[in-house]
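**Q** Dropping the structure in here first, questions after.
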Ligand SMILES: [Zn+2]
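Numbering (the working numbering), first residue to last: -6 to 265.
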């Protein structure tokens, strides 16, 4: 298990470690992904998730909200949209190799995560971390300016997950989890945050080998693209699909001529 390595330096309470094995090369590990909505995992880290699944890692996806508001269709209901989004996400993650049994739905309403009872929210995320006990945790960052200021669920999911990472390692947070549920404290060794601001991105995964698979998977979230946002339909016109995929290819970040996914990498923060 000694894949991740030695302490390099200590700065302002943060212990920074250097990796022996790059994220995309780890094998047979447990990876836990927290995402605000059922698509940010695919848009932000879908290529990396596909590579991790190919390497026989066990991946769990935790989705904070059911994404039940983002439709302009006057005939849509929240219940129907939640059902559609769940089905789309299961297909999308399935293409990346994640079985639907490994998708954990926390079930909060879209856009309302900041108004959820925060102690309950962090307690729930803490229990998931203590139960899954991941070797690597991926989560959303508050992101760059648009995301940071206009996407409330992204802010809340980012802050809540890191608070839960801290709580998980100290058993005195939510001690009932140990005393009544048998969940032992757990220290997450590695964390990567997708949707980082460009200034804070410090880790890039080459996804050339799975880029088209990622775009296919993202396109399965049909309801999140026009024309289905304005008037729901469950499938694509071929021309619309071709345009959406062309947009994805154009927008996918590149580094040195390769498709990449960017992360902010951090590890082993001492968070007393
Ligand atoms: Zn989102």
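Note that beta-carbon positions come from the ideal geometry of N, C-alpha and C, so glycine has one too.
Quick caveat: nothing in here was measured; it's all calculated off a predicted structure.
Identify, in the order they occur along the chain, each residue of the same chain with its Cβ nearer than 8 angstroms to the Cβ of residue 222, setting aside the five sequence neighbours on each side.
**A** Excluding positions up to five away in sequence, the list reads 63, 64, 65, 66, 216.
**Q** Can you give me the start and stop residues for the beta strand (DSSP E) that residue 75 sits inside?
**A** It is not in any beta strand (DSSP E) - residue 75 instead sits in the alpha helix (DSSP H) that spans 71 to 88.
**Q** Are the beta-carbon atoms belonging to residue 210 and residue 71 less than 7 angstroms from one another?
**A** no
**Q** Taking the C-alpha atoms as reference points, what is the distance between residue 81 and residue 166?
**A** 35 angstroms
**Q** Among the residues of its own chain, which have a CB less than 7 angstroms from the CB of residue 3, if the five just before and after it don't count?
**A** Interpretation of residue 3 is limited by its pLDDT of 35, a score under 50 that renders its predicted location unreliable; the figure taken from the coordinates is listed afterwards. Within the same chain, residue 3 has no close Cβ partners at all.
**Q** Decide if residue 108 is buried, meaning its Cβ has at least 16 other Cβ atoms within 10 Å, or exposed.
**A** Taking a 10 Å sphere around the C-beta of residue 108, we find fewer than 16 other C-beta atoms and assign the residue as exposed.
**Q** Mind checking who residue 98 pairs with in its DSSP beta bridge?
**A** 56
**Q** How big is the Cα-Cα spacing for residue 110 and residue 171?
**A** Rounded to the nearest whole angstrom, the CA to CA distance from residue 110 to residue 171 is 22 angstroms.
**Q** Report the rounded CA-to-CA distance for residue 76 versus residue 241, giving the unit in angstroms.
**A** 25 angstroms
**Q** Going by the CB atoms, is the gap between residue 213 and residue 161 shorter than 7 angstroms?
**A** no
**Q** Where DSSP assigns a beta bridge to residue 24, which residues make up the other side?
**A** Bridge partners of residue 24: 52, 129.
**Q** By DSSP's criteria, residue 184 is part of a beta bridge. Which residues make up the other side?
**A** DSSP lists 130, 259 as partners of residue 184.
**Q** Is any heavy atom in ligand 1 found nearer than 6 angstroms to the beta carbon of residue 33?
**A** yes
**Q** Check for me: the alpha helix (DSSP H) holding residue 46 runs from which residue to which?
**A** 33 to 47
**Q** Taking 6 angstroms as the limit between beta carbons, can you name the residues of its chain near residue 202, skipping five residues before and five after?
**A** none
**Q** Tell me, please, which residues DSSP counts as bridged to residue 199.
**A** 253
**Q** Label residue 25 either buried or exposed according to how many other C-beta atoms from any shown protein chain fall within 10 Å of its C-beta, with 16 as the threshold for buried.
**A** buried
**Q** Within this structure, are the beta carbons of residue 120 and residue 29 separated by less than 7 angstroms?
**A** no
**Q** Residue 248 bridges to which residues according to DSSP?
**A** Looking at the DSSP assignment, residue 248 forms a beta bridge with 251.
**Q** Going by beta carbon distance, what residues of the same chain come within less than 7 angstroms of residue 250, once the five residues before and after it are set aside?
**A** So no residue of the chain qualifies.
**Q** Between the segment 91 to 105 and the segment 36 to 53, do at least 3 Cβ pairs fall closer than 8 angstroms?
**A** yes
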